[in-house]
Amino acid sequence: MLFRSLILGCLMPGLISCASMKQMPLKTVPKVDLQRYQGDWFVFAHIPYLLEKGKVGTLDRYALRADGRMDNIFLFRRGSLDAPLEQWKGVAWVHNKETNAEWRVQFFWPLKVPYLIIDLDPDYRWSVVGYPNRKLAWVLSRKPVLDEATYNGILERMAMQGYDTSLLAKVPQKPE
């Protein structure tokens with residue numbers, strides 16, 4: 001019995017530290033008005049990943065459909081703001097209808113990914129979309145630019161949700 005207690009006493013600190021390293025789930029905003037959210041969103045900054053590599057002037061366009069889903073058009077230029085505009089067509093749908101802040105997005109079948117709205121300006125001027133493992137994120141804006149004070153506030157709130165904000169990269173955009 002003493003041996004078992006000794007072993008347990010030695011292992012407990014390690015078990016507790018492993019358990020505490022697990023991150024809490026991302027917290028979404030309390031409510032999203034889909035009518036106000038639809039429209040064009042410039043990708044001001046993101047945590048880059050393979051499919052977005054080399055893309056600039058990126059923009060997400062959301063439009064509500066009669067079936068309750070949303071058309072999700074991703075517009076981009078490859079490598080240069082002077083390159084031709086290209087697009088990918090996808091579909092999005094609300095996963096959590098209580099808040100409308102948790103979606104699923106699909107550009108390529110059968111891949112569908114979570115889309116979590118974790119921060120949102122009260123006037124819908126900017127939004128932050130997160131991914132459950134925090135390896136992806138997008139800072140979206142209705143205009144191609146965000147003022148530094150607003151962006152710094154967004155970064156602070158992202159860090160409080162467990163994001164490594166040093167991974168975010170601003171996306172070059174054409175001025176309006």
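Residue numbers are given in my numbering: position 106 of the sequence shown equals residue 106, and the series is strictly consecutive.
We put the beta carbon where it would ideally sit given N, CA and C, even for glycine.
Quick check on residue 80: does DSSP put it in helix, strand or coil?
Within the sequence shown, residue 80 is the residue found at index 80, counting from 1. Looking at residue 80 - three-state DSSP - the assignment turns out to be coil, as it is neither helix nor strand.
Reference residue 123, options 91, 31 and 22, closest by Cα
In the sequence shown, the residue the question calls residue 123 occupies position 123. With distances taken between Cα atoms, residue 123 lies closest to 31.
Own chain, CB closer than 8 Å to residue 86, minus 5 neighbours either side, in chain order
As a first step, residue 86 is located in the sequence shown; it is residue number 86 there, counting from the start. A distance below 8 Å between beta-carbons, with the five flanking residues on each side excluded, links residue 86 to the following residues of its chain, in chain order: 75, 76, 77 and 78.
Have a look at the DSSP bridge pairing and note the partners of residue 124.
Here residue 124 refers to the residue found at position 124 of the sequence shown. BP columns for residue 124 are empty, so no partner.
With DSSP collapsed to three states, give me the class of residue 28.
Position 28 of the sequence shown, counting from 1, holds the residue named residue 28. For residue 28, the three-state secondary structure derived from DSSP is coil.
Looking at C-alpha atoms only, which residue of 173, 94 and 117 is the closest neighbour of residue 26?
Here residue 26 is taken as the residue at index 26 of the sequence shown, counted from 1. Taking the Cα of residue 26 as reference, the smallest distance to any Cα among 173, 94 and 117 is reached at 117.
Roughly how many whole angstroms lie between the Cα atoms of residue 56 and residue 38?
The residue labelled residue 56 in the question sits at position 56 within the sequence shown. The residue labelled residue 38 in the question sits at position 38 within the sequence shown. C-alpha separation (whole angstroms): 21 Å.
Based on Cα-Cα distance, which residue from 107, 130, 173 and 175 lies nearest to residue 159?
As a first step, residue 159 must be located in the sequence shown, where it is residue number 159. Here the closest residue by C-alpha is 130.
Let me check one thing: in DSSP terms, what residues is residue 90 bridge-paired to?
The residue you call residue 90 lines up with position 90 of the sequence shown. By DSSP's assignment, residue 90 forms a beta bridge with 72.
Let me know the secondary structure DSSP gives residue 118 once reduced to three states.
On the sequence shown, position 118 is the one that residue 118 refers to. In this structure, residue 118 counts as strand in the three-state DSSP scheme.
Output the boundary residues of the beta strand (DSSP E) element that contains residue 104.
The residue given as residue 104 occupies position 104 in the sequence shown. Per DSSP, residue 104 is one residue of the beta strand (DSSP E) stretching across 102-108.
I'd like to know whether the C-beta atoms of residue 141 and residue 44 end up nearer to each other than 8 Å.
Position 141 of the sequence shown, counting from 1, holds the residue named residue 141. Position 44 of the sequence shown, counting from 1, holds the residue named residue 44. Yes, these two residues count as a Cβ contact at 8 Å.
Give every residue of the same chain whose Cβ lies closer than 8 Å to the Cβ of residue 4, excluding the five residues on either side of it in the sequence, and list them in chain order.
Walking along the sequence shown from the start, residue 4 turns up at place 4. Note that residue 4 has pLDDT 36, beneath the 50 cutoff, so the model's placement of it is unreliable and the number below is only indicative. Around residue 4, the same chain offers no residue with a beta carbon nearer than 8 Å, after the five sequence neighbours per side are excluded.
From the DSSP output, in three-state form, read off residue 37 for me.
Looking up residue 37 in the sequence shown gives position 37. Here residue 37 sits in helix by DSSP.
What would DSSP say about residue 131, mapped onto helix, strand or coil?
As a working mapping, residue 131 is identified with position 131 in the sequence shown. The answer is coil: DSSP assigns residue 131 none of H, G, I, E or B.
With a threshold of 8 Å, are at least 3 pairs of Cβ atoms found where one atom belongs to the region 147-157 and the other to the region 47-61?
Fewer than three Cβ pairs drawn from the region 147-157 and the region 47-61 lie within less than 8 Å of each other, which leaves the two stretches out of contact.
Which ranges would you report for the beta strand (DSSP E) in the region 128-167 if only whole runs of at least 3 residues count?
With a minimum length of 3 residues, the unbroken runs of beta strand (DSSP E) contained wholly in the region 128-167 fall at 137-141.
How many angstroms separate the CA atom of residue 93 from the CA atom of residue 35?
In the sequence shown, the residue the question calls residue 93 occupies position 93. In the sequence shown, the residue the question calls residue 35 occupies position 35. Straight through space, the alpha carbons of residue 35 and residue 93 are spaced by roughly 13 Å.
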